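Student: So the protein sequences, as listed, match chains X and L.
In terms of this note's numbering, the first sequence opens at residue 3 and continues consecutively.
In terms of this note's numbering, the second sequence opens at residue 3 and continues consecutively.
Every residue, glycine too, gets a C-beta built ideally from N, C-alpha and C.
Given the structure is predicted, the values throughout are model-derived calculations rather than measurements.
Take a look at this one; I'll ask things after.
There are 2 protein chains.
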Amino acid sequence: MSKTIGVIGGGQLARMMITPAQELGLAIKVLAENEGSSAMLAATSVGDYTDYETVRRFAERVDVITFDHEHVPLNILEKLEAEGFNVQPSSSALRFAQNKLAMRQKLSELGLPVPDWAEVNSSVDLQTFLDKHNGVAVLKTPTGGYDGKGVKIVRSVEDASDWLAKGQPLLVEEKVDFVRELAQLSARNVSGDWSSWQVVQTIQVDGVCSEVLSPAPHADITSAAIIAKRIAEGLGVTGVLAVEMFETQDGKLLINELAMRPHNSGHFSIEGSTTSQFEQHIRAVADLPLGDTAPTTAFSVMLNLLGVDDVNTFVEHYPEALKVQGAHIHTYGKSARKGRKMGHITAVSNSSIDEARLIALKAKEALHA
Amino acid sequence: MSKTIGVIGGGQLARMMITPAQELGLAIKVLAENEGSSAMLAATSVGDYTDYETVRRFAERVDVITFDHEHVPLNILEKLEAEGFNVQPSSSALRFAQNKLAMRQKLSELGLPVPDWAEVNSSVDLQTFLDKHNGVAVLKTPTGGYDGKGVKIVRSVEDASDWLAKGQPLLVEEKVDFVRELAQLSARNVSGDWSSWQVVQTIQVDGVCSEVLSPAPHADITSAAIIAKRIAEGLGVTGVLAVEMFETQDGKLLINELAMRPHNSGHFSIEGSTTSQFEQHIRAVADLPLGDTAPTTAFSVMLNLLGVDDVNTFVEHYPEALKVQGAHIHTYGKSARKGRKMGHITAVSNSSIDEARLIALKAKEALHA
């Protein structure tokens, strides 16, 4: 009998896990938020992932629980685990992806490179940190933030008064003067085998990933992989782990964010690697041997397709865009909305990163994106 | 609004069309024969494809009808077309894939190279043909044959007495003394654009495809592509066209069989080509621009996974087989049955066809196949 993978969350990440799961001889079921979700094809249940009974009923029908996002409340996962359900990554790892204060605390304990940080419970805490860092800092809500939400730059206590008023602990970090951002994708299976892809450069616009260059140009950064491995093992991560990092003027790496699931910075791997991050995630959580992560092409560039208005779903422009040879267009079956992550393009080249980028941009233009 | 592709037949070919259709921004529905079909994931209807009302109800819910197999009765397709439904390939092309007598007739009219052949309606017809061909010939039922079924070698009228007794016209062909078999995959979209992959060598065992080498070694055979193009255009084929050919001692090509759908000989293209035959078929029938068919690797070898008994579904051996780096294992979600096409393995190499073959064989052994 083949195992069934259950994915909580019906977004594009779940959508892109469907085929690899099938190809690995597994069944896959998705608990989606609503009817029109990206992973509709395998969405066998629609319901609220913050409701214990809903999640439990879903868990009973699958062999492994994994995730499209990290928003399932920790106490629900802990209860499932206590009842013997197989949750990958486990709640003990996932808590560090859910809570940035817990993450900073743990990484510091492990001696891993992080920006200077502090927990903020009052305006005094914040002022103390600002005084130590030339009057500027990055303030974050420990939970629930994504794509630039839950993050702001503050130069005074007044800048933070609305967040401080909520009475919840906040995370404050030094504003790192980085030259660029990198991401190290890797995966660890339940048995503990670990494997990484080559490090990539990510380009963010307004806090949202816009572009990924693979490999990161002029990067000789085995240290990125070493950091990722120490995190994966130190935190007991299973499945794909994305480590977003800052590279500083002097070539130092500082860990920014963690995600314990396939990640936007790894979409290039669908075409650019022998094993995609989606296949690897399924292998890892099902405790199958990890696949080969060797690149299939010298260079690849991924561009996100963000919604431009309430009309253009990009699909209507496929007849033009598909003429651009070398560009691989992916859309997620979403309705149009300005700023929404609706798809991505990956272009590959064996000549140069610039060629790959040019091909991707041509396809993007043809999509009116 | 995105178009919906409707596939009649729920086998592995439909299964492998699901993801490409989604990636092309299309919806896909499948009319499957039964509940446990390979393409279950998108099987929105289960019913009898020889029943006009069943097929018509399915057609009403999609924008383009296409096929997993060529067994839908021609009169059903003609009726659908008369009512304005969009059938790709059309009945006027598909009749040549359904009826081998019609196919031989048409290819001869087009002046394309075929083995010597005749229509047989009596034992006298057959004896005349045998007398002309040293007393040996290949007898075929014009319709319904596949994987070696509906084909037999005859040396006397007696060898054919059971088939002759049925009173249906038969096709008789010279037994070609070939050195090997080749297959030329190509695709033509509704607008008439045409594109081919490199020609492959196929190795058959007991009339069933066992192995495909891509590209066909030592082949300098642009004539294969020219033949395929003339067939696609001459017969008005849309979608993928597979032309199976014999290569004779003196390097001549003779057309054996045609299939107007993705074909076993093209499975290598999932990993071995920029655009897979499944994606290309969807592009072609949806009248989108055709994709790039350049190889992604110098060599690839595809081995079929035929059932070995009623127990081994191969999936249970994945933990071992997935350790074989470079082998891509595909299974079709079928229950185990001896001789059944249950999956395939494609291995790629940039060094040699022998290396690719060795990797594929290793994975096959690990699956106990």
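May I ask which residues mark the beginning and end of the beta strand (DSSP E) holding residue 206 (chain X)?
Tutor: Here the beta strand (DSSP E) through residue 206 (chain X) covers 202 to 207.
Student: Going along chain L, which residues have a C-beta under 8 Å from residue 285 (chain X)?
Tutor: The answer, in chain order, is 324.
Student: Pick out whichever of L:192, L:131, L:193, L:187 has its Cα sitting closest to the Cα of residue 173 (chain L).
Tutor: Residue 173 (chain L) has its Cα closest to that of L:131, out of L:192, L:131, L:193, L:187.
Student: Where do the ends of the beta strand (DSSP E) carrying residue 9 (chain X) lie?
Tutor: Start and end: 6 to 10.
Student: Just checking, does the region 267 to 275 of chain X make contact with the region 290 to 309 of chain X on the three C-beta pairs under 8 Å criterion?
Tutor: Segments in contact, yes.
Student: Cβ atoms of residue 16 (chain X) and residue 70 (chain X): under 7 Å apart, would you say?
Tutor: In this structure, residue 16 (chain X) lies closer than 7 Å to residue 70 (chain X) by Cβ.
Student: Out of X:235, X:266, X:369, X:141, which one is the CA nearest neighbour of residue 212 (chain X)?
Tutor: Selected option, being the one with the closest Cα: X:266.
Student: Quick one: which residues of the region 262 to 284 of chain L get their C-beta closer than 7 Å to a C-beta of chain X? List them in chain order.
Tutor: Residues passing the 7 Å Cβ filter: none.
Student: What ranges does the alpha helix (DSSP H) occupy inside the region 35 to 84 of chain X, keeping only unbroken runs of at least 4 residues that lie completely in it?
Tutor: For the region 35 to 84 of chain X, whole alpha helix (DSSP H) runs of length 4 or above, ordered along the chain, are 54 to 62, 76 to 84.
Student: Indicate whether residue 260 (chain L) and residue 115 (chain L) have their beta-carbon atoms separated by less than 7 Å.
Tutor: It is not a contact, given that the beta carbons lie outside the stated cut-off.
Student: Assign residue 101 (chain X) to one of three DSSP states: helix, strand, or coil.
Tutor: Residue state, collapsed to three classes: coil.
Student: Quick one: grab the DSSP three-state call for residue 176 (chain X).
Tutor: Three-state result, residue 176 (chain X): coil.
Student: List the residues of chain X whose Cβ lies closer than 8 Å to the Cβ of residue 294 (chain L), in chain order.
Tutor: Per Cβ cutoff of 8 Å: 327, 328.
Student: In terms of alpha-carbon separation, which member of L:31, L:342, L:13 lies closest to residue 6 (chain L)?
Tutor: The residue with the shortest Cα to Cα distance from residue 6 (chain L) is L:31.
Student: Considering only their Cβ atoms, is the gap separating residue 343 (chain X) from residue 305 (chain X) smaller than 7 Å?
Tutor: Not a contact, by the Cβ cut-off of 7 Å.
Student: Could you please give the first and the last residue of the uninterrupted alpha helix (DSSP H) stretch that includes residue 274 (chain X)?
Tutor: Unbroken alpha helix (DSSP H) run through residue 274 (chain X): 271 to 274.
Student: Which whole-angstrom value is the C-beta distance of residue 19 (chain X) and residue 316 (chain X), which I expect to be below 8 Å?
Tutor: No, residue 19 (chain X) and residue 316 (chain X) are not in contact; Cβ-Cβ is about 22 Å, not under 8 Å.
Student: What three-state label does DSSP hand residue 247 (chain L) in the structure shown?
Tutor: Of the three classes helix, strand and coil, the one that applies to residue 247 (chain L) here is strand, per DSSP.
Student: List the residues of chain X that residue 21 (chain L) touches, going by C-beta distances under 7 Å, in chain order.
Tutor: In chain order: 21.
Student: Mind checking residue 246 (chain L): buried by the 16 CB within 10 Å criterion, or exposed?
Tutor: By the 10 Å Cβ count, residue 246 (chain L) comes out buried.
Student: Among L:207, L:26, L:92, which residue has its Cα nearest to the Cα of residue 329 (chain X)?
Tutor: Comparing Cα positions, the closest option is L:26.
Student: Just to confirm the assignment, what range does the alpha helix (DSSP H) spanning residue 236 (chain X) have?
Tutor: That run of the alpha helix (DSSP H) goes 224 to 236.
Student: So, using beta-carbon positions, are residue 184 (chain X) and residue 227 (chain X) closer together than 7 Å?
Tutor: Not closer than 7 Å, so no.
Student: Taking only the alpha-carbon atoms, compute the straight-line gap between residue 235 (chain X) and residue 308 (chain L) and give it to the nearest angstrom.
Tutor: Taking the straight line from one Cα to the other gives about 40 Å.
Student: Please list, in chain order, the residues of the region 40 to 68 of chain L that have any C-beta partner in chain X closer than 9 Å.
Tutor: For the region 40 to 68 of chain L, which is checked against every Cβ of chain X, the residues closer than 9 Å are 43, 44.
Student: Could I get the ranges of all uninterrupted alpha helix (DSSP H) runs contained in the region 306 to 369 of chain L, with 4 residues as the minimum, in chain order?
Tutor: Here the runs fully enclosed are 320 to 323, 355 to 368.
Student: Select from the region 170 to 198 of chain X all residues with a C-beta closer than 8 Å to any C-beta belonging to chain L, and list them in chain order.
Tutor: The residues in question: there are none.
Student: Enumerate, from N- to C-terminal direction, the unbroken alpha helix (DSSP H) stretches of 4 or more residues contained entirely within the region 87 to 160 of chain L.
Tutor: Runs found: 93 to 100, 102 to 111, 125 to 134.
Student: DSSP three-state call for residue 170 (chain X): helix, strand or coil?
Tutor: It is coil, neither helix nor strand.
Student: Just to confirm, is the Cβ distance from residue 125 (chain L) to residue 334 (chain L) under 7 Å?
Tutor: No; because the gap between Cβ atoms is not below 7 Å, this pair is not in contact.
Student: So what does residue 303 (chain X) bridge to, in DSSP terms?
Tutor: Partner(s): X:215, X:349.
Student: Between the C-alpha atoms of residue 145 (chain X) and residue 101 (chain X), what's the straight-line distance to the nearest angstrom?
Tutor: Taking the straight line from one Cα to the other gives about 5 Å.
Student: Nearest to residue 90 (chain L) by alpha carbon, out of L:278, L:295, L:198, L:10?
Tutor: The option with the nearest alpha carbon to residue 90 (chain L) is L:10.
Student: Roughly how far, in whole angstroms, is the beta-carbon of residue 51 (chain X) from the beta-carbon of residue 33 (chain X), given that I think they are within contact range, below 8 Å?
Tutor: Contact flag correct, Cβ pair sits at about 6 Å.
Student: List the DSSP bridge partners of residue 30 (chain L).
Tutor: DSSP, once it has assigned bridges, lists L:7 as partnering residue 30 (chain L).
Student: Mapping DSSP to helix, strand and coil, what is residue 182 (chain L)?
Tutor: Of the three classes helix, strand and coil, the one that applies to residue 182 (chain L) here is strand, per DSSP.
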